[in-house]
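Residue numbers (the UniProt record's numbering): 1 to 254. Quick reminder that beta carbons are idealized off the backbone N, C-alpha and C, glycines included. Source: prediction; values computed, not measured.
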């Protein structure tokens with residue numbers, strides 16, 4: 001019995017499929033597309049109150065996008081159900097539902113758990129930094145601990161605006177918090193003044209885009225979420241060099 005070459009069979013099927021597509025493309029010509037998108041066969045077209053421009057685009061392209069007054073994506077489906085309109089559910093509705101569920105889950109988690117954890121972390125790190133500063137045996141360690149105090153003090157100010165840090169850092173912390181509050185865009189990171197290198201002012205590392213601290217999405221719902229957003233943005237965006245150098249490109253990249 002002769003053995004069938006499976007690769008050859010696959011090639012035959014591929015050729016047949018391509019021929020089918022070629023024939024299909026000739027059948028669905030531009031003229032046939034006009035019939036396909038014709039509005040004459042739609043029995044309830046008047047229910048949608050389309051403008052002349054919208055009707056023309058629908059007939060030309062097979063779809064049209066129009067402004068809507070719905071606040072939620074589910075509202076349009078509920079209205080179609082109430083008015084007995086046919087409903088076509090697209091995949092973006094399912095994706096949107098998943099997004100809304102995740103956003104709600106994240107919001108509850110942040111308000112009830114993560115906010116308190118961020119506050120606790122900030123207070124504890126501030127406490128440890130102050131302890132390190134007081135116990136430091138060398139000026140280098142003392143200076144590093146001092147700047148750590150300033151770093152965590154900025155975060156603490158986001159949920160306790162009246163907090164005063166002392167240690168000669170209030171002015172620097174005030175400036176950082178002012179930049180965050182006013183979303184001032186690209187500004188010099190005041191807490192970097194400990195780097196005693198003039199060229200640090202000419203490096204991208206020395207600047208922060210404070211416009212990123214504008215609360216957005218569900219973080220605009222209340223003050224607690226706004227404060228949490230700014231705390232986490234501060235922790236997530238601000239980095240420090242382990243050992244500031246005196247030559248390029250080490251100054252820029254650490």
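- The Cβ-Cβ distance between residue 225 and residue 53 does not fall below 9 Å.
- Here residue 213 has 180, 183, 230, 233 as same chain residues with Cβ atoms under 7 Å from its own Cβ, once five neighbours each way along the sequence are excluded.
- Where residue 209 is concerned, there is no enclosing alpha helix (DSSP H), although the beta strand (DSSP E) around it starts and stops at 207-209.
- The residue from 137, 139, 138, 167 with its alpha-carbon nearest to that of residue 151 is 167.
- The Cβ neighbour count for residue 153, taken over all protein chains shown within 10 Å, is at least 16; the residue is labelled buried.
- Within the model, the alpha-carbon separation for residue 215 versus residue 178 is close to 15 Å.
- Within 10 angstroms of the beta-carbon of residue 122 lie 16 or more other beta-carbons, which makes it buried.
- Counting the other CB atoms within 10 Å of its CB gives residue 139 a total below 16, which places it among the exposed residues.
- Apart from the 5 residues on each side of it in sequence, residue 67 has no Cβ closer than 7 Å to any other Cβ in its chain.
- Bounds of the alpha helix (DSSP H) holding residue 139 are 139-159.
- Taking all protein chains in view, the Cβ of residue 131 is surrounded by fewer than 16 other Cβ atoms within 10 Å, so the residue is classified as exposed.
- Taking the C-beta atoms as reference points, residue 133 is found no nearer than 9 Å to residue 108.
- The C-alpha of residue 57 is placed about 7 Å away from the C-alpha of residue 63.
- The three-state reading of DSSP puts residue 48 in helix, counting H, G and I together.
- Following the DSSP letters along the chain, one finds residue 40 in no alpha helix (DSSP H), marked with neither H nor E.
- Listed in chain order, the non-local C-beta contacts of residue 190 below 7 Å within the same chain comprise 172, 175, 176, local neighbours out to five positions each way being set aside.
- Residues of the same chain with a CB within less than 7 Å of the CB of residue 96, apart from the 5 flanking positions on each side, are 73 in chain order.
- Using a Cβ distance threshold of 9 Å, residue 205 and residue 186 do not count as a contacting pair.
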